[in-house]
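Data first, discussion second: the structure below is written as structure tokens.
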Ligand SMILES: Cc1ncc(C[n+]2csc(CCOP(=O)(O)OP(=O)(O)O)c2C)c(N)n1
Ligand SMILES: [Mg+2]
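In the numbering used here, the protein residues as written are 722 to 1043.
Next up, the structure:
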């Protein structure tokens, strides 16, 4: 049945969520110390959306995401070392250090694009899904985007075309309640964004984005439905980003107590509590996972920093495809 995961897999998700959390914390540290330049958009708090959704993919499936896409890239299998190298502008990075935080891409892992332009990933995913359909391939596409992106024209165009053509795509709104610095209610007339599926005649489902089991189950079902030729779905993941929009944003626009309230439903804690109760991973073992992941993250960042920067001549080789 779609969406049932065995215990080993769920223990793996626990480790993956810690990997994403601690990777992002390290990115912030490296950014503040000047080892990472440019900008960063971190995803602490949203780990269950990345891990639960990506784990629903099968070999051959693809996904697009956004500038806040480190979580999806790591869940797909990009190593922390490759990610850190990319962020530090080093040649061991996934895009040889010239893509940076907003372009974590690895087509071999099904990651066909992270997009800095809000809403740009949706039509790309619809196109990929259409190509699967036209070629008779059994694959599907996921596309991740924010609540703010549902006010962009490409959102409506992509949903309409996908619905008309019944392309095998699943639209995933990571609703973290904020656009760049604006609360959702100040920019959007609809509270439950899943309702935006209605005009396009596709299912619109509200999902608890803090519970990785629920996310995995819903995305698996929507992807299976899409691949069976029954059309796309819109899933609204209710979640929260712990940090500000980007870089050094202290997020002072948030209501007092809001962050603390969301941390009471932390996605890693929710899975951890279930795994402990089910006898699959004790509290001590969970602490051990966290310690191991922290050591791996620190070592990965150190190794990445040893990788050379491309020379100017080398960067020119990658401007145009052969
Ligand atoms: C077309 C376009 N308009 C504006 C921007 C500037 N911008 C970058 S992120 C962002 C907010 C998007 O919010 P949301 O879709 O909720 O995603 P989140 O940042 O919360 O993950 C905006 C307006 C942009 N990158 N692209
Ligand atoms: Mg948002």
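The C-beta atom is built at its ideal place from N, Cα and C for all residues, glycine as well.
Quick caveat, the model's predicted, so the values are computed rather than measured.
Asked: Just verifying my parser: in three-state terms, what is the DSSP assignment at residue 875?; Found: helix
Asked: Give the range of the beta strand (DSSP E) segment to which residue 932 is assigned.; Found: From DSSP, residue 932 is part of no beta strand (DSSP E); its letter is neither H nor E.
Asked: On a CA-only basis, which of 841, 883, 859 is nearest residue 865? Give me that one, please.; Found: 841
Asked: Are the region 761-777 and the region 1032-1042 touching, with three or more C-beta to C-beta distances below 8 Å?; Found: no
Asked: Residue 959 and residue 928: beta carbons closer than 8 Å?; Found: yes
Asked: How long is the line joining the alpha carbons of residue 727 and residue 946, rounded to whole angstroms?; Found: 21 Å
Asked: Give the single residue among 908, 936, 898 whose Cα lies nearest to the Cα of residue 976.; Found: 898
Asked: Determine which residues share a DSSP beta bridge with residue 863 and list them.; Found: 784, 891
Asked: How close, in whole Å, do the beta carbons of residue 858 and residue 781 come, if the pair is a contact with beta carbons under 8 Å?; Found: 7 Å
Asked: I believe residue 867 touches residue 828 by the beta-carbon criterion, under 8 Å. Please report the beta-carbon distance rounded to the nearest angstrom.; Found: No, residue 867 and residue 828 are not in contact; Cβ-Cβ is about 23 Å, not under 8 Å.
Asked: Within the present structure, is the beta-carbon of residue 748 separated from the nearest heavy atom of ligand 1 by less than 7 Å?; Found: no
Asked: Return the first residue and the last residue of the beta strand (DSSP E) that residue 715 is part of.; Found: Examination of residue 715 is not possible in this model, given that the chain is present from 722 through 1043 alone.
Asked: Only counting runs of 4 or more residues, tell me where the alpha helix (DSSP H) segments fall wholly within the region 932-1005, in order along the chain.; Found: 933-946, 979-984, 988-998
Asked: Use the C-beta contact count for residue 953: other C-beta atoms within 10 angstroms, 16 or more gives buried, fewer gives exposed.; Found: buried
Asked: From this set, 994, 987, 891, 998, which residue's C-alpha is nearest residue 951's C-alpha?; Found: 891
Asked: Quick one: any contact between the region 805-814 and the region 879-893, if contact means 3 or more CB pairs under 8 Å?; Found: no
Asked: From 1005, 856, 791, 1021, pick the residue whose C-alpha is nearest to that of residue 825; which is it?; Found: 791
Asked: Tell whether a beta-carbon distance below 8 Å holds between residue 875 and residue 1021.; Found: no
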